[in-house]
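Shown next, in structure tokens, is the structure this report addresses.
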Amino acid sequence: MAAHITVNGDRFVEMISERRIKTAVKRLARKIDRDHRGTVPVFIGILNGAFIFFADLIREVTIDCEVDFLKLSSYGDAKISSGNVRLLKDLNCQVEGRDIIIVEDIVDTGLSVEYIRHLIAPQNPRSLKVVTLLFKADSVKPGTHVDYIGFSIPSDFVIGYGLDYAQRDRNLKAVYRLHAKAPREKAGA
Ligand code: 5GP
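Using the numbering used here, read the sequence shown as starting at 1 and increasing by one per residue.
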């Protein structure tokens, strides 16, 4: 029976266990390793939500790599995307000629990923890929391209493993969904 937790008076139910997250992170790292053999990519973590996934992913990757971070505005204290993306911290690395791998915690509408693409592509990277742990297939704008997906999930609000509820609960080891709809999460590509 999946664990339930209560946060700010809302009930959440475990959606993806710590064990399944670990397996998915290893699978993603193996794919990234294979696709980037012989290169030294720059992993760019999107703060704040991706920090735990980012740290786990790059420790599973075995190729040589560099890291940097972008900080974007988040949901704030709400459970619904504001539809506005703002840059709060820019990159410190040189992008030109480099293989760039954007590391996202979750792709919901896809606005953040598209914003990042438009920020980075004009700086002429050699390649630009996106990896996300979670992908809300029913919410994402058509045409949003993501290269590596951990789990494709329904459009429920989720927390844990870096994802917050009003800035809290990022330190939960599993991913929990708001207890409203029946679960139909499936393993991603
Ligand atoms: P997008 O721009 O794709 O709509 O949303 C991306 C960002 O919105 C994520 O990086 C994350 O910060 C936030 N987000 C989207 N869905 C959720 C969710 O279910 N829970 C939480 N905590 N944040 C989310």
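Idealized CB from N, CA, C, for every residue including glycine. Being a predicted model, the structure only gives us computed values, none of them experimental.
Span of the alpha helix (DSSP H) around residue 120: 111-120
Counterpart residues of residue 11 in DSSP-defined beta bridges: 6
Outcome for residue 90 when other beta-carbon atoms lying within 10 angstroms are tallied against a minimum of 16: exposed
Near the ligand 5GP: residue 85 beta-carbon under 7 angstroms from a heavy atom: yes
Coarse secondary structure for residue 192, derived from DSSP in three states: Here the chain has residues from 1 to 189 only, and residue 192 is not among them.
Contact check, residue 196 vs residue 53, beta carbons under 8 angstroms: Because the chain in this structure spans residues 1 to 189, residue 196 falls outside the shown range and cannot be described.
Cα-Cα separation between residue 60 and residue 152, rounded to whole angstroms: 21 angstroms
Sequence-distant residues of the same chain with beta carbon closer than 7 angstroms to residue 33, five excluded per side: 61, 62, 63
Where residue 184 falls, given that 16 or more other Cβ within 10 Å makes a residue buried: Reliability of the predicted coordinates at residue 184 is poor, the pLDDT of 49 falling under 50, and no value is obtained from them.
Span of the alpha helix (DSSP H), counted from its first residue to its last, around residue 172: Note, residue 172: premise wrong, no alpha helix (DSSP H); not H, not E.
Neighbourhood of residue 66 by C-beta, 6 angstroms cutoff - its chain only, sequence neighbours within 5 removed: 42
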